[in-house]
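Q: Below are the structure tokens for one structure; questions will follow.
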Amino acid sequence: MHYVTHTPMPTAVSVLQCPAVHCSHTLSHPYVNDVVLLPLFRVLLAAVSPYFRAMFTSPLVESRLTEIRLEEVTPSVMETVIQFVYTGEAGLCLDTAEDLFVAANRLQVMPLQDLCSRFLFEHLSVDNCLGMYSLARSHHDQLLLRASLRLVAQHFPRVARQKDFLLLDPGTLGSLLGSDRLGVDSEAEVYDAARRWAEHQPLDRYSHMPALLHHLRPGLLSLEESRRLSQELGPAAAGEGLGGPLRPREGMFEKKIVCVDLKPREDESLNERDFTVDCFDPRTGKWEKLAALGSLLCPGCTAIGGRLFVAGGILRGGTVSTEVHEYDSVLDRWQERSPMVQPRAMLGLLGCGESLYALGGCNRGAMLDSCEILDLASLQWGPGPRLPLPLRSFACAALRGRIYLLGGTTLEQNRAVVHAGVLIYHTLTDSWTRVGLDSGATCLAGGVAVRGGVCAIGGYMRDATKFIDGNYTHLEPLDATGRVLFFREGRGSGVEREVTGAVVAERSGGSDRAPSPVVFPGLPRRIAAGGVARWKRRIYVLGGENGSRFYDSVYCWKPGWRSWVQRREKLPGDTGGVSQFGCTTLKFPKKHILSRLRLAREDRNPDDD
15 MHYVTHTPMP
25 TAVSVLQCPA
35 VHCSHTLSHP
45 YVNDVVLLPL
55 FRVLLAAVSP
65 YFRAMFTSPL
75 VESRLTEIRL
85 EEVTPSVMET
95 VIQFVYTGEA
105 GLCLDTAEDL
115 FVAANRLQVM
125 PLQDLCSRFL
135 FEHLSVDNCL
145 GMYSLARSHH
155 DQLLLRASLR
165 LVAQHFPRVA
175 RQKDFLLLDP
185 GTLGSLLGSD
195 RLGVDSEAEV
205 YDAARRWAEH
215 QPLDRYSHMP
225 ALLHHLRPGL
235 LSLEESRRLS
245 QELGPAAAGE
255 GLGGPLRPRE
265 GMFEKKIVCV
275 DLKPREDESL
285 NERDFTVDCF
295 DPRTGKWEKL
305 AALGSLLCPG
315 CTAIGGRLFV
325 AGGILRGGTV
335 STEVHEYDSV
345 LDRWQERSPM
355 VQPRAMLGLL
365 GCGESLYALG
375 GCNRGAMLDS
385 CEILDLASLQ
395 WGPGPRLPLP
405 LRSFACAALR
415 GRIYLLGGTT
425 LEQNRAVVHA
435 GVLIYHTLTD
445 SWTRVGLDSG
455 ATCLAGGVAV
465 RGGVCAIGGY
475 MRDATKFIDG
485 NYTHLEPLDA
495 TGRVLFFREG
505 RGSGVEREVT
515 GAVVAERSGG
525 SDRAPSPVVF
535 PGLPRRIAAG
545 GVARWKRRIY
555 VLGGENGSRF
565 YDSVYCWKPG
575 WRSWVQRREK
585 LPGDTGGVSQ
595 FGCTTLKFPK
605 KHILSRLRLA
615 REDRNPDDD
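Here it is in structure tokens:
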């Protein structure tokens, strides 16, 4: 039990931590064995806490009392709160951070709550993520909530067997069971988790089972699993009594790397049906063939969730395409979507939010500074934000509502030159920020988002092409780089102002140049125009070129490795190497789920070819 006690000074308070029977004695005798007297200026407490500010300035009786009773805050925690008010330091550890987080939330000491939240976020693990999820959910902490939910969902089969799982309240459990992110291989695991929770306290919890079972997705159950549920719940409860869409959980997918157009387009014996899309499974090291799309050089290629889009590119006859195709991973076929307004190759194609962005690029007539946006719900194109300058062959990635365009080629006096900078489009404010780079800018590099920033991998340090009357002419041999440029997230956000549709240069210390970029381990060889994709925590670089040399190698790297590792596998076919192809990572339904999805699709569209 604790008391905030006003001293005779009108600007100061003291915090007394003592049993109630000793409080009157404490006021006249501040130094006793079982009492801790903590002097505190009330103006400081009010400055950091809306809770105390309202208490001290309101007409309520607490503003006039010399003693204010605080419940449910231990003496050691209150001492840490006061220490933070004076010093800005809390001395956090795993044993105290959770209690301090709760106290800071209750007392509305928001800077301390944010500090505790970041500390708990940095120390999340599979063993404590369930408790952190409940804590974040009850205190509405979005940072900790998202991070803990991601970990709980990813390791749900293991987490569901922990003791803390049996202590969840029905609302928290229901929100978990309804998540698409659960890392379960079978929907029966979701049912088993709910049943195990209910059987822990059957008299109190069986009444919650009907509501929990509405989060189950019966269409994902196998016939054997459906029979088991029918036996345990009864046919009605195991059928119509269950709710939920036919939408696979995260654990029912497997990620693979998709490569568009790895065939030699110079081979005249090949027709368009021979240009299948190839798919690499890093887990097994095997290549698979997907439905053919035709030959496309330098197309835009990206995946948004389980949807794969390919846009633009140079057709086999040399025409630059406006076509857009979406891959159906359930039926293994391509569906043509509304075309872009402008033909584009060497463009950036990225998903951000509920939109698909086609940025920059070039065609036979011009290098482009335009952008088009495809609404993923209506599948209709509309105009997007114009780029600050014409740009093609840039590395690009989307991260937390921002689109990053690193390097690339632009025009200066009718000559193609590498853009020594990064363009950042802020989707929320519809504005561009331009950040200069002192070194490391490239064209024909591969872009990928990683934790804390985005990367441009390999590429050419200069562009030896000339742009005259719609024709590109190579003037001299090119020399690729093996460098990896890492651009930190958050750079380009500390600007004085951002004008919609305008360009703002980032300034730091009176200079419009950003600090030198962080560089990851270099590639084992110099590579440009390779396929770059992120698979789990690893970055893969497939194929590529260096001037007139082409590669069929596969390299990978993940944080913590000192160097890149070459896989034994190579690009499929005996091509000797390929570059400038589309490459991205796509989620595929696992085989046992794929058959059910196909059956459901056929039942829904029996006449669909």
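Numbering (my numbering), first residue to last: 15 to 623. We put the CB at the ideal spot given by N, CA and C, even for glycine. Since the model is a prediction, treat every value here as computed from it, not as a measurement.
1. According to the neighbour-count rule (16 or more other Cβ atoms, all chains shown, within 10 Å of its Cβ), is lysine 177 buried or exposed?
2. Quick one: grab the DSSP three-state call for isoleucine 96.
3. Can you check whether the CB of glycine 557 is closer than 9 Å to the CB of phenylalanine 595?
4. Taking threonine 336 as the reference, which of Gly319, Leu345, Ser369, Leu388 has the closest Cα?
5. Which residues bound the alpha helix (DSSP H) around serine 240?
6. Are the stretch 440 to 447 and the stretch 467 to 475 touching by the rule of at least three beta carbon pairs closer than 8 Å?
7. Classify proline 357 as buried or exposed, calling it buried when 16 or more other Cβ atoms lie within 10 Å of its own Cβ.
8. Across which residues does DSSP place glycine 398 in a beta bridge pair?
9. If you run the structure through DSSP and keep just helix, strand and coil, what is alanine 614?
10. Applying the criterion that 16 or more other CB atoms from any shown protein chain within 10 Å of the CB defines a buried residue, is cysteine 143 buried or exposed?
11. When the Cα of valine 166 is compared with those of Ser189, Asp155, His154, which residue comes out closest?
12. Under three-state DSSP, which class holds threonine 110?
13. Which stretch, first to last residue, makes up the beta strand (DSSP E) that contains tryptophan 301?
14. Between the beta-carbon of cysteine 385 and the beta-carbon of threonine 441, is there less than 9 Å?
15. Please report the straight-line C-alpha distance between leucine 243 and serine 152, rounded to a whole angstrom.
16. When the Cα atoms are used, what is the spatial distance from arginine 164 to valine 462?
17. Nearest to leucine 226 by CA position, among Leu182, Ser200, Lys269, Leu237, is which residue?
18. Run the CB neighbour count on alanine 391, radius 10 Å, all protein chains shown included, and call it buried at 16 or more, exposed below.
19. Work out the CA separation of leucine 310 and arginine 330 for me, nearest whole Å.
20. Does the beta-carbon of aspartate 275 have 16 or more other beta-carbons within 10 angstroms, so that it is buried, or is it exposed?
21. Just verifying my parser: in three-state terms, what is the DSSP assignment at phenylalanine 294?
22. Let me check understanding here. Comparing Cα to Cα, which of Gln122, Glu103, Leu121, Arg120 lies closest to aspartate 133?
23. Report all residues from its chain with a CB closer than 7 Å to the CB of phenylalanine 170; omit the five preceding and five following residues, and keep chain order.
24. Go ahead and label asparagine 428 buried or exposed: buried means 16 or more other beta carbons lie within 10 angstroms of its beta carbon, across all protein chains shown.
25. Quick check on the DSSP output: the alpha helix (DSSP H) that includes histidine 153 runs from which residue to which?
26. For threonine 495, is the classification buried or exposed, using 16 other Cβ atoms within 10 angstroms of its Cβ as the cut-off for buried?
27. Using only the alpha-carbon positions, how far apart do glutamate 246 and proline 224 sit?
28. Kindly give me the distance between the Cβ atoms of threonine 424 and leucine 403, rounded to whole angstroms, as I take these residues to be in contact under 8 Å.
29. Taking DSSP's pairing of strands, which residues face cysteine 273 in a bridge?
30. To which residues does DSSP link serine 369 through a beta bridge?
31. For tyrosine 565, does the three-state DSSP call read helix, strand or coil?
32. Among Cys107, Val95, Met146, whose alpha-carbon lies nearest the alpha-carbon of glutamine 122?
33. Enumerate in chain order the residues of its own chain whose CB-to-CB distance from leucine 108 is below 7 Å, with the five nearest sequence positions on each side excluded.
34. Roughly how many angstroms lie between the CA atoms of threonine 88 and arginine 465, to the nearest whole one?
35. What would DSSP say about alanine 543, mapped onto helix, strand or coil?
36. In whole angstroms, give me the CA-to-CA distance for arginine 612 and leucine 345.
A: Looking at the atomic coordinates:
1. exposed
2. helix
3. yes
4. Leu388
5. 237 to 247
6. no
7. buried
8. According to DSSP, which records beta bridges pairwise, glycine 398 is partnered with nothing at all.
9. helix
10. buried
11. Ser189
12. coil
13. 300 to 306
14. no
15. 33 Å
16. 21 Å
17. Leu182
18. exposed
19. 7 Å
20. buried
21. strand
22. Looking at the sequence provided, one finds phenylalanine at residue 133 rather than aspartate. Among Gln122, Glu103, Leu121, Arg120, the Cα nearest to that of phenylalanine 133 is on Glu103.
23. Leu196, Gly197, Val198
24. exposed
25. 143 to 153
26. buried
27. 13 Å
28. 5 Å
29. Asp292, Cys597
30. Cys366, Asp389
31. coil
32. Val95
33. His137
34. 37 Å
35. coil
36. 7 Å
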